[in-house]
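**Q**
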Amino acid sequence: MQGWGSVRITPATSQKRYFVSQNQADQGGYITDVPYVIHYYRELNPAVLKLALAMNGINWDREENCDYIELGCGFGLTPMFLAAGFPGSRFVGTDFNPEHIVTARGIASTAKLDNISFVEGAFADLETQVPGQFDVIAMHGIWSWIDDENRAHILNFIDRHLKPGGLVYTSYNTQPGHAAGMPLRQLMFMGYEDATGPTEVRVDAGVKFAEKIQSLGAAYFTQNARAVQVLDHIKPKARNGLAHEYFNTYWRAFYFSEIAEPLKQIGLNYAASAHLLDNVDFVNYAPDAREMLAKQEPIRREGLKDFFANREFRRDIFIRAQPVKQNPAPLLAATRFATADGPEGMDKITGFTALGKVTVKPEHAGPVLTALAATPAASITDLLANPACAGLTPAEVMEITVLMTALGGADPALPEAGYAVRKAATDRLNAALWEAAQTVDVIRSAASPVTGGGIALHRIEQLFFLANQRGEDPGVFLRRLFGAQLQGDVTSNYKQFMDKRVPVLRKLGVG
110 MQGWGSVRIT PATSQKRYFV SQNQADQGGY ITDVPYVIHY YRELNPAVLK
160 LALAMNGINW DREENCDYIE LGCGFGLTPM FLAAGFPGSR FVGTDFNPEH
210 IVTARGIAST AKLDNISFVE GAFADLETQV PGQFDVIAMH GIWSWIDDEN
260 RAHILNFIDR HLKPGGLVYT SYNTQPGHAA GMPLRQLMFM GYEDATGPTE
310 VRVDAGVKFA EKIQSLGAAY FTQNARAVQV LDHIKPKARN GLAHEYFNTY
360 WRAFYFSEIA EPLKQIGLNY AASAHLLDNV DFVNYAPDAR EMLAKQEPIR
410 REGLKDFFAN REFRRDIFIR AQPVKQNPAP LLAATRFATA DGPEGMDKIT
460 GFTALGKVTV KPEHAGPVLT ALAATPAASI TDLLANPACA GLTPAEVMEI
510 TVLMTALGGA DPALPEAGYA VRKAATDRLN AALWEAAQTV DVIRSAASPV
560 TGGGIALHRI EQLFFLANQR GEDPGVFLRR LFGAQLQGDV TSNYKQFMDK
610 RVPVLRKLGV G
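If you're matching positions, the sequence shown starts at 110 in our numbering and goes up one per residue.
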């Protein structure tokens, strides 16, 4: 994977009432009256963690039989998807918002997921409430939203409960990418503190306060184009999500070294980014920058990468071991891949880095997507044996497959063995979520026994599946739910769904 000839970079020009909050507003600086958004986070999937490590030449083989805990799991959708997709593993989710935990327990119970448990408690309570050792300790975003005392509690828990060779996943706001946005956050927080009422009203007041200051010609905005871009990005976002992203009292952005050094003191070393595209240096850094970075020691190198990329958010994997690196090619060759699309979806496989827009070359991506679309999952060896890839070299097939996965056009897939057990568990979970879709529109994913995680599935598609399971006419079913709110030709949409989406979804074990 030296040349990355498959890469093209265009330079940048510049029924159950789930999810209803009833809690009080603020506990130790952390917002609790507004529930966190419910979402599946791909990077937390053990199969994705394994692939990220493999891209960096590190072999990690605990993904199918591990003890896994997510701290601050919110409504627990990600660990529930993983529990269904990895039935041989044990999962724990913790959160101190009672609504989150009650909801998560209810869904898991309905889905009969007996390999997951949820713990309600603060980080200070982890030591007494969560026994045992873990292969993976995961945290999404929380490091940037809590105070130093709680960070110390987490470090103590990691030190006492992470197994040798175990992984810590942590994502957090990063400097220097937030350099322009930190004053904006302070400005919004001033408006938030001045306001009264429910949290979402105060968040909206904070955003409007920043807009007001901008409208008055503040030099902060006229002299900082990036600040204007950040505010424009924030303005249309849902206020409940913004509440957690920007308005916790102890909100902070970190330099990489501020994360890596404390973890190093308890025996952890940086291993890889769980955001797969960040591991492809060729698309992130110019040749001279790559040459300079290669000469740096690991912590300094990662910190400098953030300056070259002006990175705002990191998704880091640390390992409790001294990483032993090898040629990544054999590890990648042993990985199976799956796609939810075929060659017709090639134009959607894109990404952006500091160097510009990253796309795939059709002459390489087309054959691999054709081969992947014909099967639930395939290894590099399988792809090379497919006639569609006859014109590509082994290196080209590996590069384009890994790159498309890094760009979200494919996912690492689990072994064929154990599929039936995984399918039974993901079917139960999906059925529970589709029942909930009758009354709420917050879950946009379905659990897949092929990938062990989530794949995109909109609410109407979920309700189409639910109507089928009940043996009801989809049009009649949806009109009963939505009445006059239902717009469009349901019969035509349903036919398109059955003809185009269902074959792909069933290939991935959904429905």
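Where a beta carbon is used, it is the ideal one built from N, C-alpha and C, also for glycine.
Taking its Cβ as the centre, do 16 or more other Cβ atoms sit within 10 Å of residue 326, making it buried, or is it exposed?
**A** The residue given as residue 326 occupies position 217 in the sequence shown. That one is exposed.
**Q** For residue 510, does the count of other Cβ atoms within 10 angstroms reach 16, so buried, or fall short, so exposed?
**A** Counting from 1 along the sequence shown, the entry for residue 510 is found at position 401. Residue 510 is buried by the Cβ-count criterion.
**Q** Do residue 262 and residue 232 have their CB atoms nearer than 9 Å?
**A** The sequence position of residue 262 within the sequence shown is 153, counting from 1. The sequence position of residue 232 within the sequence shown is 123, counting from 1. Contact flag set, yes.
**Q** Could you say which of 242, 537, 570, 608 lies nearest to residue 558 if we only look at CA atoms?
**A** Taking the first residue of the sequence shown as position 1, residue 558 is located at position 449. Residue 558 has its Cα closest to that of 537, out of 242, 537, 570, 608.
**Q** Could you check how far apart the C-beta atoms of residue 363 and residue 282 are, in whole angstroms? I think they sit under 8 Å.
**A** On the sequence shown, residue 363 is found 254 positions in, with the first residue counted as 1. On the sequence shown, residue 282 is found 173 positions in, with the first residue counted as 1. That belief holds up - the Cβ atoms of residue 363 and residue 282 are roughly 7 Å apart, short of 8 Å.
**Q** In its own chain, which residues sit with a C-beta less than 7 Å from the C-beta of residue 390, not counting the 5 before and 5 after it?
**A** On the sequence shown, residue 390 is found 281 positions in, with the first residue counted as 1. Cβ neighbours of residue 390 beyond the five flanking positions: 399.
**Q** Among 354, 608, 563, which residue has its Cα nearest to the Cα of residue 280?
**A** Position 171 of the sequence shown, counted from the start, is the residue given in the question as residue 280. Cα-wise, what sits closest to residue 280 is 354.
**Q** According to DSSP, which residues form a beta bridge with residue 426?
**A** Position 317 of the sequence shown holds residue 426. Answer is 278, 381, bridged to residue 426.
**Q** Can you give me the Cβ contacts of residue 560 inside the same chain, cut-off strictly under 8 Å, excluding the 5 residues immediately before and after it?
**A** Residue 560 sits at position 451 when you count from the first residue of the sequence shown. Only 154, 156, 194, 447, 520, 521, 522, 523, 617 meet the Cβ criterion.
**Q** Leaving out five residues before and five after residue 246 in sequence, what residues of the same chain have Cβ atoms less than 6 Å from its Cβ?
**A** As a first step, residue 246 is located in the sequence shown; it is residue number 137 there, counting from the start. So the list reads 178, 267, 271, 277, once near-sequence residues are dropped.
**Q** Buried or exposed, going by whether 16 or more other CB atoms sit within 10 Å of the CB of residue 597?
**A** Residue mapping note: residue 597 aligns to position 488 of the sequence shown, counting from 1. That one is exposed.
**Q** Mind listing, in chain order, the continuous beta strand (DSSP E) runs of no fewer than 3 residues lying wholly within the region 440-504?
**A** Complete beta strand (DSSP E) runs here, min 3: 445-447, 460-462, 465-469.
**Q** For the putative contact between residue 497 and residue 486, defined by C-beta atoms under 8 Å, what is the C-beta separation to the nearest angstrom?
**A** What you label residue 497 is simply residue 388 of the sequence shown in a count that begins at 1. What you label residue 486 is simply residue 377 of the sequence shown in a count that begins at 1. 16 Å between Cβ atoms; not a contact.
**Q** Please check the pair residue 190 and residue 563, which I expect to be a contact at CB under 8 Å, by giving their CB distance rounded to whole angstroms.
**A** Here residue 190 refers to the residue found at position 81 of the sequence shown. Here residue 563 refers to the residue found at position 454 of the sequence shown. So it is a contact: roughly 5 Å between Cβ atoms.
**Q** Grab the span of the alpha helix (DSSP H) containing residue 407 for me, first residue to last.
**A** Counting from 1 along the sequence shown, the entry for residue 407 is found at position 298. Counting along the chain, the alpha helix (DSSP H) containing residue 407 begins and ends at 407-418.
**Q** Taking just the CA atoms, how far does residue 219 sit from residue 409?
**A** Counting from 1 along the sequence shown, the entry for residue 409 is found at position 300. Counting from 1 along the sequence shown, the entry for residue 219 is found at position 110. Looking at the two C-alpha atoms, the distance is approximately 48 Å.
**Q** Nearest-angstrom Cα distance between residue 612 and residue 445?
**A** Here residue 612 refers to the residue found at position 503 when the sequence shown is read from its first residue. Here residue 445 refers to the residue found at position 336 when the sequence shown is read from its first residue. If you take the alpha carbons of residue 612 and residue 445, they lie about 20 Å apart.
**Q** How many Å lie between residue 514 and residue 385 at the Cα?
**A** Residue 514 sits at position 405 when you count from the first residue of the sequence shown. Residue 385 sits at position 276 when you count from the first residue of the sequence shown. Each residue's alpha carbon lies about 8 Å from the other.
**Q** Taking the alpha helix (DSSP H) that residue 549 belongs to, which residues open and close that run?
**A** Looking up residue 549 in the sequence shown gives position 440. It is not in any alpha helix (DSSP H) - residue 549 carries neither H nor E in the DSSP assignment.
**Q** Nearest to residue 556 by CA position, among 547, 567, 595, is which residue?
**A** On the sequence shown, residue 556 is found 447 positions in, with the first residue counted as 1. Considering only alpha carbons, the answer is 567.
**Q** Cβ atoms of residue 315 and residue 366: under 9 Å apart, would you say?
**A** For the purposes of this step, residue 366 is taken as residue 257 along the sequence shown, with counting starting at 1. For the purposes of this step, residue 315 is taken as residue 206 along the sequence shown, with counting starting at 1. Taking 9 Å as the Cβ cut-off, residue 366 and residue 315 do not qualify as a contacting pair.
**Q** Ignoring anything shorter than 3 residues, give me the beta strand (DSSP E) runs that lie fully in the region 217-279, in order along the chain.
**A** Here the runs fully enclosed are 225-229, 243-249.
**Q** Distance, Cα to Cα, residue 336 vs residue 470?
**A** Looking up residue 336 in the sequence shown gives position 227. Looking up residue 470 in the sequence shown gives position 361. The straight-line gap from Cα to Cα measures roughly 34 Å.
**Q** Roughly how many angstroms lie between the CA atoms of residue 599 and residue 455, to the nearest whole one?
**A** The residue labelled residue 599 in the question sits at position 490 within the sequence shown. The residue labelled residue 455 in the question sits at position 346 within the sequence shown. Approximately 28 Å between the Cα atoms of the pair.
**Q** By Cβ distance below 6 Å, which residues in the same chain neighbour residue 394 in space, the five residues on each side in sequence not counted?
**A** Here the question's residue 394 lines up with position 285 in the sequence shown. Hits under 6 Å: 417.
**Q** Pair every Cβ in the region 425-444 with every Cβ in the region 164-181, then say whether three or more of these pairs are closer than 8 Å.
**A** Judged by Cβ distances under 8 Å, the region 425-444 makes contact with the region 164-181, as three or more pairs qualify.
**Q** Give the DSSP-derived three-state secondary structure of residue 569 in the structure shown.
**A** Indexing the sequence shown from 1 puts residue 569 at position 460. Helix, per DSSP.
**Q** Would you mind sorting residue 94 into buried or exposed? The rule is 16 or more other CB atoms within 10 Å of its CB.
**A** Nothing can be reported for residue 94, as the shown portion of the chain is limited to 110 through 620.
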